[in-house]
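Note sheet for the following structure.
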């Protein structure tokens, strides 16, 4: 009987060690998943996280038939890390906690604003314009960001359509020097099995 006690203690120690190792592995995996969706420089979400959130929002908007807006900011070329971080801070402060803000590229940001109408979107774009107006490049020049937004009354078929539509607004904003906004009112996709009824 006494000979079995050390074996039980060893077994319990092994189970405890294994449990600790599994918990450490789970924490590590959770950290890696989070880091795979976060931009290192700004702490904002990255393109992967934005695409996931936008895909989910398309489905939610389709199901509940509510609008959503996507706003994009392009800081322009030759911006330093400090300007990128400062812009991220402005975006975080100007948007709601429920909005998804992400850094898409070196100098490009995109924000997903669920349940945001065209009128509210214009207010947000102006808020971004004012907030970003004081940003300066590393050599002291004023940054001239292009700001664009699209309000989707009917959701597009794919996230790529969202990105393409906001890219078009950025191009227009660059050419006019003012924020550009458009309302997307494409016909909703047909419901399978109900076409022609």
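In my numbering, the protein residues as written are 2 to 198.
The C-beta atom is built at its ideal place from N, Cα and C for all residues, glycine as well.
A quick note: this is a predicted structure, and the numbers were derived from the prediction, not measured.
Count the other CB atoms within 10 Å of the CB of residue i; is the residue buried (16 or more) or exposed (fewer)?
i           : result
residue 139 : exposed
residue 185 : buried
residue 133 : buried
residue 150 : buried
residue 46  : buried
residue 26  : exposed
residue 143 : exposed
residue 197 : No answer about residue 197 holds up, because its pLDDT of 46 lies below 50 and its placement is not dependable.
Alpha helix (DSSP H) containing residue i: first to last residue?
i           : result
residue 164 : 160–177
residue 1   : Because residue 1 is not part of the residues shown, which for the chain are 2 to 198, the question remains open.
residue 87  : 82–95
Would you report the Cα separation of residue i and residue j, rounded to the nearest angstrom?
i           : j           : result
residue 236 : residue 41  : Residue 236 lies beyond the residue range present for the chain, which begins at 2 and ends at 198; the question has no answer from this structure.
residue 145 : residue 179 : 10 angstroms
residue 51  : residue 16  : 40 angstroms
residue 101 : residue 18  : 39 angstroms
residue 67  : residue 99  : 15 angstroms
residue 172 : residue 147 : 8 angstroms
residue 81  : residue 166 : 27 angstroms
residue 131 : residue 85  : 16 angstroms
Could you tell me the boundaries of the beta strand (DSSP E) in which residue i lies?
i           : result
residue 124 : Segment 119–133 is the alpha helix (DSSP H) holding residue 124; no beta strand (DSSP E) there.
Going by DSSP, which residues form a beta bridge with residue i?
i           : result
residue 115 : 69
Margin query: Could you check whether the segment 159–169 touches the segment 126–137, counting it as contact only if at least three pairs of C-beta atoms, one from each stretch, sit closer than 8 angstroms?
Written below: no
Margin query: Three Cβ pairs or more, each shorter than 8 angstroms: is that satisfied between the segment 110–121 and the segment 63–76?
Written below: yes
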